[in-house]
Amino acid sequence: MTRGLALPYEVILLGAGRLDLPTLCSFLRALPQVATLLSPVYFSIRDESGNSILHILAGEGEYKLLLQALKSRGASPGMKNEDMDAPFSLAVSRGYLLVVQALLHRIDVDANFTNDMGKTLLHLASLSGQESILDLLTHWPGTDINKKDKHGQTAVSLAAENGQER
1 MTRGLALPYE VILLGAGRLD LPTLCSFLRA LPQVATLLSP VYFSIRDESG
51 NSILHILAGE GEYKLLLQAL KSRGASPGMK NEDMDAPFSL AVSRGYLLVV
101 QALLHRIDVD ANFTNDMGKT LLHLASLSGQ ESILDLLTHW PGTDINKKDK
151 HGQTAVSLAA ENGQER
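For the sequence shown, position 50 matches number 50 in full-length UniProt numbering, and the numbering has no gaps at all.
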């Protein structure tokens, strides 16, 4: 009779530290319980675009797994990739409302984040037509709805240009 061998998660994570980012994300999907055990070194792993594991999870709408990873030491949702986008901005642009809501509730996330073009999360939601996220952000305390990007446009002017009524 063969017994299943259960390795401690710490031992499993030692091997995971040698994985590339897509494989690491697949690993976490298979074993989500280890996401809270990630050390800062895992958050420093980047892909060719400078995305971290948090960028990938937020950008793919992996809400539950992202919440688990954010409980880890070293998980910084404000880190930016080569395009100066944070995990938050990817979730906004792609319409992942649950991810956006989860990130808004963290004290280390700025609702007035700007990327390299000076676009705020409201600008990004306007450009991508994410009305539910626009509604959430416009009612979020401290959100600057009048902030202009590097071209002098506000989120409202971008929404109007893109044919959005509100």
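A virtual CB, placed ideally from N, CA and C, is assigned to each residue, including glycine. All values reported here derive from a predicted model rather than from experimental measurement.
Between the C-alpha atoms of residue i and residue j, what's the straight-line distance to the nearest angstrom?
{"i": "residue 82", "j": "residue 51", "result": "8 angstroms"}
{"i": "residue 142", "j": "residue 93", "result": "20 angstroms"}
{"i": "residue 67", "j": "residue 150", "result": "32 angstroms"}
{"i": "residue 132", "j": "residue 44", "result": "32 angstroms"}
{"i": "residue 62", "j": "residue 40", "result": "20 angstroms"}
{"i": "residue 146", "j": "residue 156", "result": "8 angstroms"}
{"i": "residue 121", "j": "residue 70", "result": "20 angstroms"}
{"i": "residue 159", "j": "residue 95", "result": "15 angstroms"}
{"i": "residue 88", "j": "residue 125", "result": "11 angstroms"}
{"i": "residue 55", "j": "residue 74", "result": "14 angstroms"}
{"i": "residue 161", "j": "residue 137", "result": "19 angstroms"}
{"i": "residue 99", "j": "residue 79", "result": "16 angstroms"}
{"i": "residue 84", "j": "residue 28", "result": "25 angstroms"}
{"i": "residue 114", "j": "residue 19", "result": "31 angstroms"}
{"i": "residue 97", "j": "residue 53", "result": "19 angstroms"}
{"i": "residue 1", "j": "residue 26", "result": "With a pLDDT of 45 at residue 1, under the threshold of 50, the modelled position of this residue cannot be trusted, and the question is left open."}
{"i": "residue 152", "j": "residue 49", "result": "27 angstroms"}
{"i": "residue 148", "j": "residue 57", "result": "29 angstroms"}
{"i": "residue 46", "j": "residue 33", "result": "22 angstroms"}
{"i": "residue 154", "j": "residue 129", "result": "15 angstroms"}
{"i": "residue 119", "j": "residue 101", "result": "19 angstroms"}
{"i": "residue 123", "j": "residue 110", "result": "14 angstroms"}
Does the beta-carbon distance from residue i to residue j come in below 8 angstroms?
{"i": "residue 65", "j": "residue 35", "result": "yes"}
{"i": "residue 135", "j": "residue 112", "result": "no"}
{"i": "residue 108", "j": "residue 77", "result": "yes"}
{"i": "residue 21", "j": "residue 59", "result": "no"}
{"i": "residue 42", "j": "residue 24", "result": "yes"}
{"i": "residue 37", "j": "residue 72", "result": "yes"}
{"i": "residue 104", "j": "residue 140", "result": "yes"}
Quickly, what does DSSP pair residue i with across the bridge? List them, please.
{"i": "residue 120", "result": "114"}
Next on the checklist: Extract the residue ranges of the alpha helix (DSSP H) inside the stretch 33-87, only unbroken runs of 4 or more that lie entirely within it.
Outcome noted: Inside the stretch 33-87, DSSP marks whole alpha helix (DSSP H) runs of 4 or more residues at positions 40-43, 53-59, 63-69, from first to last along the chain.
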